[in-house]
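Numbering (my numbering), first residue to last: 151 to 971.
C-beta atoms are modelled at their ideal positions from N, C-alpha and C, and glycine is treated no differently.
Here's the structure we're looking at; comments come further down.
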Amino acid sequence: MFTKQLVAIAVFLSFCFSNAQECTLVLQGKVIDFHDSKPLELAQIYVVQLQKTYISNADGSYKISGLCPGTYDINVSHYDCETKKITFEIGQNRTLNISLEHHISELETVNVLADVHDNHASTQSSTRINAEKIQEYSGGSLGDALATVPGVSSLKTGNSVVKPVVHGLYGSRVAIVNDGLRQQDQEWGIEHAPNIDLNTASNIQIIKGASALRYGGDAIGGTILIEPARVISKDTLRGHAILQGQTNGRGGSATTTINKYRASGWYQQATLTYKKLGDFEAPDYVLSNTGSETAAVNLGVGFKTFEYGASAKYSFYNSDIGILRASHIGNAGDLVRSINSRQPLIINEFTYDIDAPKQQVAHHGLQFNVFKRFAGLGKLSMDYSFQFNNRKEFDIRRGANVGLASLDIDLQTQNISLYGIADAFENTTYEAGIDYMNQLNRPNAATGVRRLIPDYDANKIGAFASLTHEPSEKWVLDAGMRYDRYDINATKFYLQSRWEDLGYEVQFAAFEIGEQGNQILTNPAFQYDLFAFTAGAKYLWDRHYDLALNLSSANRAPNPSELFSDGLHHALATIELGRLDLKKEQSYKVNATFHGNEGDLDFEINPYINFVTDFIQLIPTGIETTIRGAFPVFQYEQINARLYGVDVHASYDFWTKRPAKEMKTNPDEIVDELTKLVSLESNISYIHGTDSSNGIPLIDMPPFQMETQLIWYNAFVKRLDFRLANQTVLQQNRFPNNNYDVSIPDDQGQLITSTVDISSTPAAYSLWNVGVSYAFAKANTKINLSTNNLFNTQYRNYLNRQRFYANEVGRDIHLQIIYNF
C-alpha cells in the first residue's frame, strides 16, 4: 500500500512539475533556397502543435518563441517550392536552418498552409482550392474546379455552362467575389455561368454560409472568394504558361500569367487566356453544336507597401457557347420523343462551327483600390468598380431574322465601398464597411422578340460590422450584422390577357401606366429591407482538434429573373414565367464543423441545417406552343424549404524519410525530414431537401456523391506522380412529380395523350479517372497526362438541364504542359 502511495505521489508531483514548467524555449534560423542558399522571404512555417503560422523575414530569418520541451511537427512552404514536413525535438534554445527545393507549382497563401479544409480564424465552414489544383483545371471552367470541394456541386447546361451549387443553393444565393469585386453578370438564370477566367486565381476560398458580410448579406448559400497571386516586395518576375489539349472536343487552351514585382512596391500583373473546342462527344454519338470559344484578358498595375498602396485593374471575358441542337424542337410530338428517347433526335458530323442555338457573353470590369494603414489601429481601404456585361442568346430563326439575336441585354453595374479593419489589438479584430451599388439593365428592343427581362434600375446601399475575439488560445468567437436597402424600378409590357389571368389588374393596378394594343405598360417598383446576422464559437484542443458552431440568418430579395421573366429563354429552350408577388427569402442556417488532425490523418465533418422561409424555386408546369415551336413551361413559385446535410473530408498521407545526402542542413541539426509517398483523399456529400409547405422533396437537389483519389508520389522514378480517382454518384430518389400530359397526333392524325416524364432522375453512375505527371525540376516544367471517364461510361447527370436530350460526354484525354518562371 505504502509503495502505491509513493508512486501516486511521484506521478502527481511529476504532473505538477511538467505543467508548472515555463515554456520559454526559442527556435530560430533561416529558410534558404536548396540550390543557391539564398534567403527566402515570406516562407511559411506552420507549427502543427501550436496551430500557428510564422513568416520568414527579408533575410530568410524566423523566430518561434514560447515553446515547451518536446517534439514538434512543422510544415514549411514558399512560393514555387515544394512543401517540406519536419519533425524535431527541442530541450533548449536551438537554431534550425531549413532549405526548400524549387518546384513548379505556386503554393497557396499563408492561411491555406495550416489546413485547406479549416480556417482557424473563423467559425464558418470554409475550404480552399490551391494554385496547383486550379492549374489542373486551367482548360475547364470555374464551376468544374469548385465541384472538387465537398458540399459543392455543378448545375449544368451541357458541358460548357457550369454554375456552382453550394449546399443545394445556386444563382444569386451564391456570391462570387473576384479579387474583392462582387461579380455582376446576369447570374440569375440556370444557364448563366460566371464570366470569370479561372486562370487569374492563385487560390479560391469557398465559404459555406452567409457569414462573408463584407460582400453582402444575401448569399444564403455561400460566398466564393477568388484571390490573385500575392504581391511581394522583391525585384523579380514570376508567372507561368500552360498549354492544354484534349481529345473530347478536339481542342484545347493556352494561358499565360506574368507578374512583375519590384522591391520599391510597384508591380504589374497580366493574364491572357484563349480556349477553343469543337463538338463534344458522348460514348456513342456526337453532341452536335456544343463547341465553345473563349478569350480573356486581365491586367493590373499598382503600388503596395505595408503602410499604403493603390491599384488599377481591368478584365475582359468573351465567350461563344453552342447549345445542344437536339434541345430545340419544333412541336409537342418532337418534345415527347426527345425527352423519352435515349438518343438525341439530331446528330450531325463533328464540327468546330457554333451555330444557333447559342449564347454569346462579354464582360468588362474596371476596378480601382486604395488603402492606408494606421499605426496601432489597422487598415482603411476604398474600392470603386465598373462592370459592363452583354449577353446575347440566338434562337433558330429563319427569313430576315437569321443571325439576329433573340435576346440581347446590357447590364451596367457600379460599386463603391469603404472598408476598415482594426487588427492591431491583441485578442480582437474589428471589421466594418459601407457600400453602394447602382445597376442599369437595358435589353435591345431591335431583336423583334418580347423581352425576357425588362428595363430596370436598381440601387442598393448597405453597411456591416463584425468582430472576431480570441479570449484564449483555445477559443475563437465571432459575430457580425449587416443591413441593405435594395430598390428596383422596372418598365415592362405585359400581354393584357396574361396580366388579367394572373390577377395583376387588381393586385398591382398602381403599376399600370399605359396601354399599347393588346399590351399593358407597367412600372413595377419594389423596396426591400434586408438583414443578415452571424455568430459562432470555435474551441481548439491542445492537439489539432477543433469544433465550431455557427448560426447565420439572412434575407435575399427576389432577383430580376424571378420577378419579371415572361417569355422564351432561348439558351434553355424553355418558357419562364416570373411573379411580381414574390417576397424576400429568409434563411436560418446552423453550421457545425468538427476538424481533426492525428498525425498523418486529417478529417473534417460538416453537418448543417438550413430553414428557408418563402423559398423561391423554378418548376415545370406544362408545355406551350409558339410560332417558333413547342417549349416546356417553367414557373417560379414560393414555398418554405428545409435543407440539411453533411460534408465529410478525410485524407491520409504516407511519408518516407528523405536520404541524408539530399538534405541541406547543418550537420549538428537533428531532424527527421520527410517526403510524401502516397496520399489518399476522400470527399462525401449528402443533402436532403424538402418542400415543407407541401411535404414533398425539393427539385434539383444534388444526389449523394463520393469522390476518392489516390496519388502515388515519385512513382517508379523521382518526380513522376501517378493519380487514380473515382467519382460515384447515386440516383436521386427524392424528387417531386412534375410530369404533365400533352396531346399529340399519331400516324393517322388522331390525337393521343402522352406523358412527358420531366421528373424522373437518371441512374447512379461511377466514373474512373487516371493521370500521370512528371516535373522537370531544373526546367520548372511539368507535364500532366490524364484521362477522364476512363471506361467511356454512358451516364446522365441529374443537375444537367440537357439530360432530357443526351448523355454526358465520354472518354476525354488531356495533355497539359505547365511552365513556371
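Rounded straight-line distance, which links the Cα of residue j to that of residue i
| i | j | result |
| --- | --- | --- |
| Asp-545 | Ala-629 | 49 Å |
| Asn-957 | Ala-613 | 47 Å |
| Ile-326 | Thr-373 | 6 Å |
| Leu-527 | Leu-217 | 29 Å |
| Leu-848 | Gln-493 | 28 Å |
| Leu-824 | Gln-201 | 20 Å |
| Thr-174 | Gln-242 | 9 Å |
| Gln-355 | Arg-244 | 36 Å |
| Pro-852 | Asp-533 | 37 Å |
| Gln-966 | Leu-627 | 44 Å |
| Gly-339 | Lys-384 | 44 Å |
| Val-381 | Gln-194 | 15 Å |
| Thr-350 | Asp-764 | 37 Å |
| Phe-954 | Gly-330 | 38 Å |
| Ala-640 | Trp-649 | 16 Å |
| His-719 | Asp-347 | 25 Å |
| Asn-970 | Tyr-786 | 48 Å |
| Phe-165 | Ile-357 | Per-residue confidence for Phe-165 stands at a pLDDT of 41, beneath the threshold of 50, marking its modelled position as unreliable; the derived number appears in the next sentence. Taking the straight line from one Cα to the other gives about 42 Å. |
| Pro-314 | Thr-307 | 12 Å |
DSSP bridge partner residues for residue i (one or two, in chain order)
| i | result |
| --- | --- |
| Arg-244 | Leu-177 |
| Asp-716 | Leu-727 |
| Asp-962 | Asn-938 |
| Thr-931 | Phe-926, Tyr-969 |
| Asp-607 | Leu-590, Asn-639 |
| His-342 | None, per the DSSP bridge assignment. |
| Asn-448 | Thr-421, Ser-465 |
| Tyr-836 | Val-796 |
| Asn-950 | Lys-306 |
Candidates the options, of which the one nearest residue i by Cα
| i | options | result |
| --- | --- | --- |
| Phe-681 | Arg-400, Ala-413, Ile-370 | Ile-370 |
| Asn-790 | Ser-737, Pro-378, Ala-800 | Ser-737 |
| Gly-483 | Asp-897, Asn-942, Gly-960, His-719 | Asp-897 |
| Ala-404 | Arg-388, Thr-421, Asn-398 | Thr-421 |
| Lys-508 | Asp-533, Arg-487, Arg-541 | Arg-541 |
| Phe-500 | Lys-522, Tyr-435, Thr-563 | Tyr-435 |
| Ala-208 | Gln-199, Lys-188, Ser-215 | Lys-188 |
| Ser-703 | Ala-476, Lys-739, Ile-963 | Lys-739 |
| Asp-183 | Thr-203, Tyr-204, Val-197, Gly-210 | Gly-210 |
| Ser-801 | Ala-413, Asp-634, Asn-747 | Asn-747 |
| Arg-592 | Glu-623, Asp-560, Asn-565 | Asp-560 |
| His-317 | Gly-667, Phe-521, Leu-917, Asp-850 | Asp-850 |
| Phe-128 | Ile-248, Thr-840, Tyr-924 | No answer is possible for residue 128: the residues shown for the chain start at 151 and end at 971. |
| Gly-321 | Leu-935, Ser-711, Val-959 | Ser-711 |
Under the three-state DSSP convention, the category residue i falls into
| i | result |
| --- | --- |
| Ala-351 | coil |
| Ala-362 | coil |
| Glu-286 | helix |
| Ile-489 | helix |
| Ala-865 | coil |
| Glu-857 | strand |
| Pro-433 | coil |
| Asp-533 | strand |
| Pro-710 | helix |
| Arg-412 | coil |
| Phe-162 | Caution is warranted here: a pLDDT of 43 is assigned to Phe-162, below 50, making its placement in the model unreliable, and no coordinate value can be reported. |
| Arg-601 | coil |
| Arg-632 | strand |
| Arg-541 | strand |
| Ala-596 | helix |
| Val-262 | Note that Val-262 scores 33 on pLDDT, short of 50, meaning its location in the model is unreliable and no value can be drawn from it. |
| Ser-206 | coil |
| Asp-891 | strand |
| Ala-379 | coil |
| Ser-477 | helix |
| Leu-848 | coil |
| Ser-842 | coil |
Near the ligand PLP: residue i beta-carbon under 7 Å from a heavy atom
| i | result |
| --- | --- |
| Ser-488 | Ligands are entirely absent from the displayed structure, and the ligand PLP is therefore not among its contents. |
### Task
Let me know the beta strand (DSSP E) ranges lying completely inside the region 543–594, each 3 residues or longer, listed in chain order.
557–572, 578–593
#### Entry: Sequence ranges, beta strand (DSSP E) only - wholly within the region 775–802, length at least 3
none
#### Entry: 4-residue-minimum alpha helix (DSSP H) runs that sit fully inside the region 634–705, ordered along the chain
646–651, 654–657
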